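Written out below as C-alpha cells is the structure these notes cover.
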Amino acid sequence: MIVTTAQLFKVAYGKFAIGAYNINNAEQTMGLFKGCIASKAPFIIQISKGARSYTDKKMLEAIIRSAGEIFPEAIYAVHLDHGDEKTCYDCIESGFYSSVMIDASHDDFKTNVAITRRVVDKAHAKGLSVEAELGMLGGVEEDIQVEEGNACLTNPEEVEEFVKESGCDSLAAAIGTSHGAYKFKGQQSLHFNVIEAIQKKLPGFPIVMHGSSSVPKDEVARINKAGGTLDPSACGVNEEEYLPAAKLGVTKVNVDTDGRLVWTRVHREYFRDHPGEFDFRPPGKIFIEEYAKFIAHKNEKLGSAGQLEAVRDSVSK
Ligand code: G3H
Ligand code: 13P
Ligand code: ZN
C-alpha cells in the first residue's frame, strides 16, 4: 500500500527512522520488498533522476506497482530523490509519488527558498509533501560534484526562517555525511550538536539524513578480493548512530551506496567463481536474496523493523 510520506513520519518521529532506499531496477525492488516484509518495516522507495532515465520512468513505476501487488502487506511511500524543479513538477503531475525532494541547496539561501516555495505550492495542491535541503553535503549528487572544501554543514540559525518561508515539510540537513563510498578520512561521528540545535529550533519537524550508507569494511574487502579496486579506506556512517539521531528528529535516512556494494560484491564473486557462466539470472537471484538480507539488517539498525503494524494502525484511523 502506498501511503504519504507524512503518514510514515507521524509514526516514526522521535522514535525511529524510516529507511529511504534508492531503486533502479526489478531486482532491487524485489529485494527491497522482501527485506521490508521479512523485517516488518515500513519504508520509502526513492527514485533519482538517474533512476528515472536508466530504463524509463514508466518502467520503474510499473515495477513498483507490480511489487505492490506481489507484496500486498507492504506499506511504503514513493519519493523523488534530489529533484530539480522540472522533475518535481513531472512527478507531482504523474499522480504516482507520495513526496518530492527539491534540491536547490547549491543556490544561495534566497534562491533556495524561492524555488522550494514554488515546488511546495504545486505539491501541496496535489497532496504531496516536499523535502528541501539547506546546507551542502560533499560527494557526488546526481551530476553535481561537491568538493569537500565546498561542503558546509547546515547552520541551525537559518532553519526556522528557511522552513517558514519555503513551506517545506521536511529538511535535508548537512550533518557531516556525504554521498558515495568515500565519506570520511578515518572513523568520524555525525555532528550531533548540529542535529540537536536544529531540533531545538524545529521541534517535531522531520530532519532527513542523506549520505547515510555505512560502507561496510568487509563488503569493500570482498569486492576487492574478487577483482575490485575500491580504496580500502572507504568509510561511512556508523550504523549505531542511526537510532540516537532518530531520537533527535532524523526521521528519514537515505541509503543507496551500501546497496550498490551488495550488487557489486554478489556479481564479482559470482563471475569469479563461475568464469564459464553467462546467464545473468543465477547471480540476479542471489542478489535479490542478499539485498533483502541487507535491507532487513538496515531496518533493524534504524529501528523501523517491527513497526509495520503500528503504521498500519495509524494510517487506517
Ligand atoms: O544522492 C544520490 C543518490 O545516491 C542517487 O544516485 O543519481 O546516481 O541515481 P544516482
Ligand atoms: P549514500 O551515498 O550514503 O548511500 O547516500 C544516498 C543518498 O543520500 C540518496 O539521496
Ligand atoms: Zn542524497
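Here the sequence shown is numbered in my numbering, starting from 1 and rising by one per residue.
Yeah, the Cβ is synthetic: ideal placement off N, Cα and C, and Gly gets one too.
Please read all numbers here as calculations on a predicted model, not as lab measurements.
Practice prompt. Could you check the C-alpha separation between alanine 114 and serine 166 for me, to the nearest Å?
Written response: Residue 114 sits at position 114 when you count from the first residue of the sequence shown. Residue 166 sits at position 166 when you count from the first residue of the sequence shown. Cα-Cα distance, rounded: 7 Å.
Discussion item. Can you tell me where the alpha helix (DSSP H) holding leucine 80 begins and where it ends?
Written reply: Here residue 80 corresponds to residue number 80 of the sequence shown, with the count starting at 1. Note, leucine 80: premise wrong, no alpha helix (DSSP H); beta strand (DSSP E) at 76 to 83.
Discussion item. With H, G and I counted as helix, E and B as strand and the rest as coil, what does DSSP make of lysine 317?
Written reply: Position 317 of the sequence shown, counted from the start, is the residue given in the question as residue 317. Three-state result, lysine 317: coil.
Worksheet item: Is aspartate 256 near ligand 1, in the sense that its beta carbon is under 7 Å from a heavy atom of that ligand?
Response: For the purposes of this step, residue 256 is identified with residue 256 of the sequence shown, where counting begins at 1. Flag set: Cβ of aspartate 256 near ligand 1.
Worksheet item: So, alanine 132 versus cysteine 168, is the Cβ gap smaller than 8 Å?
Response: Start at 1 with the first residue of the sequence shown, and residue 132 comes out as number 132. Start at 1 with the first residue of the sequence shown, and residue 168 comes out as number 168. For alanine 132 and cysteine 168, yes; Cβs fall inside 8 Å.
Fill in: Own chain residues within Cβ distance below 8 Å of glutamate 219, not counting five before or after
Position 219 of the sequence shown, counting from 1, holds the residue named residue 219. Cβ within range, chain order: Asp258, Leu261, Val262 and Arg265.
Worksheet entry | Contact test: aspartate 321 Cβ vs ligand 1 heavy atom, cutoff 7 Å | Limits of the chain in this structure are 1 at one end and 317 at the other, which puts residue 321 out of reach.
Worksheet item: Leaving out five residues before and five after isoleucine 288 in sequence, what residues of the same chain have Cβ atoms less than 8 Å from its Cβ?
Response: If you number the sequence shown from 1, residue 288 lands on position 288. If we look at isoleucine 288 and ignore the five residues flanking it on each side, its Cβ neighbours are Glu27, Met30, Gly31 and Lys34.
Discussion item. Just checking lysine 49 against ligand 1 - is the residue's beta carbon closer than 7 Å to any of the ligand's heavy atoms?
Written reply: What you label residue 49 is simply residue 49 of the sequence shown in a count that begins at 1. Correct: lysine 49 has its Cβ closer than 7 Å to ligand 1.
Worksheet item: How would you write the range of the alpha helix (DSSP H) that tyrosine 242 sits in, first residue to last?
Response: For this step, residue 242 is matched to residue 242 along the sequence shown. First-last of the alpha helix (DSSP H) with tyrosine 242: 242 to 247.
Worksheet item: Whose C-beta lies closer than 6 Å to the C-beta of tyrosine 54 among residues of the same chain, with five residues either side of it excluded?
Response: Counting from 1 along the sequence shown, the entry for residue 54 is found at position 54. Cβ within range, chain order: Asn24.
Fill in: Same chain, Cβ closer than 6 Å to glutamate 142, five either side skipped, listed in chain order
One-based indexing of the sequence shown puts residue 142 at position 142. With a pLDDT of 49 at glutamate 142, under the threshold of 50, the modelled position of this residue cannot be trusted; read the value that follows with caution. Around glutamate 142: Lys49 and His82.
Worksheet item: Whose C-alpha, out of Tyr242, Ile295 and Val315, is nearest the C-alpha of lysine 40?
Response: As a first step, residue 40 must be located in the sequence shown, where it is residue number 40. Of Tyr242, Ile295 and Val315, the residue nearest in Cα terms is Ile295.
Worksheet item: Can you name the residues that DSSP bridges to asparagine 22?
Response: The residue labelled residue 22 in the question sits at position 22 within the sequence shown. Asparagine 22 is bridged to Gln46.
Fill in: Assigned exposure category for threonine 111 - 16 Cβ within 10 Å defines buried
Start at 1 with the first residue of the sequence shown, and residue 111 comes out as number 111. Label assigned to threonine 111: exposed.
Worksheet item: Quick one: is lysine 317 buried, meaning 16 or more other Cβ sit within 10 Å of its Cβ, or exposed?
Response: Locating residue 317 in the sequence shown gives position 317, counting from the first residue. Flag for lysine 317 reads exposed.
Worksheet item: Helix, strand or coil: how does DSSP classify tyrosine 13 here?
Response: For the purposes of this step, residue 13 is taken as the residue at position 13 of the sequence shown. Reduced to three states, the DSSP call for tyrosine 13 is coil.
Worksheet entry | Closest Cα partner of isoleucine 175 within the set Glu161, Lys185, Leu128 and Asn193 | As a position in the sequence shown, residue 175 is number 175, starting the count at 1. Ranking Glu161, Lys185, Leu128 and Asn193 by Cα distance to isoleucine 175 puts Asn193 first.
Worksheet item: Among residues of its own chain, excluding the 5 on either side of proline 156, which ones have a beta-carbon nearer than 8 Å to its beta-carbon?
Response: Locating residue 156 in the sequence shown gives position 156, where the first residue counts as 1. Same-chain partners within the cutoff: Val194, Ala197, Ile198, Lys200 and Lys201.
Worksheet item: What do you reckon, are the CB atoms on isoleucine 44 and threonine 5 nearer than 8 Å?
Response: Position 44 of the sequence shown, counted from the start, is the residue given in the question as residue 44. Position 5 of the sequence shown, counted from the start, is the residue given in the question as residue 5. Yes. Within cutoff.
Item to complete: Please classify methionine 1: does DSSP put it in a helix, a strand, or coil?
Response: Here residue 1 corresponds to residue number 1 of the sequence shown, with the count starting at 1. Note: methionine 1 maps to coil in three-state DSSP.
Discussion item. Short of 7 Å in beta carbon distance, which residues of its chain neighbour glycine 228, apart from the five on each side in sequence? Order them along the chain.
Written reply: Your numbering for residue 228 matches position 228 in the sequence shown. Answer for glycine 228: Thr264 and Arg268, listed in chain order.
Worksheet item: By how many angstroms is the C-alpha of histidine 124 removed from the C-alpha of alanine 173?
Response: To locate residue 173, count along the sequence shown from 1; it is residue 173. To locate residue 124, count along the sequence shown from 1; it is residue 124. One C-alpha to the other measures close to 21 Å.
Worksheet item: How long is the line joining the alpha carbons of valine 237 and serine 213, rounded to whole angstroms?
Response: Against the sequence shown, residue 237 aligns to sequence position 237. Against the sequence shown, residue 213 aligns to sequence position 213. Their Cα atoms are separated by approximately 6 Å.
Worksheet item: Quick one, are the C-beta atoms of threonine 154 and glycine 180 less than 8 Å apart?
Response: Mapped onto the sequence shown, residue 154 falls at position 154. Mapped onto the sequence shown, residue 180 falls at position 180. No. Outside cutoff.
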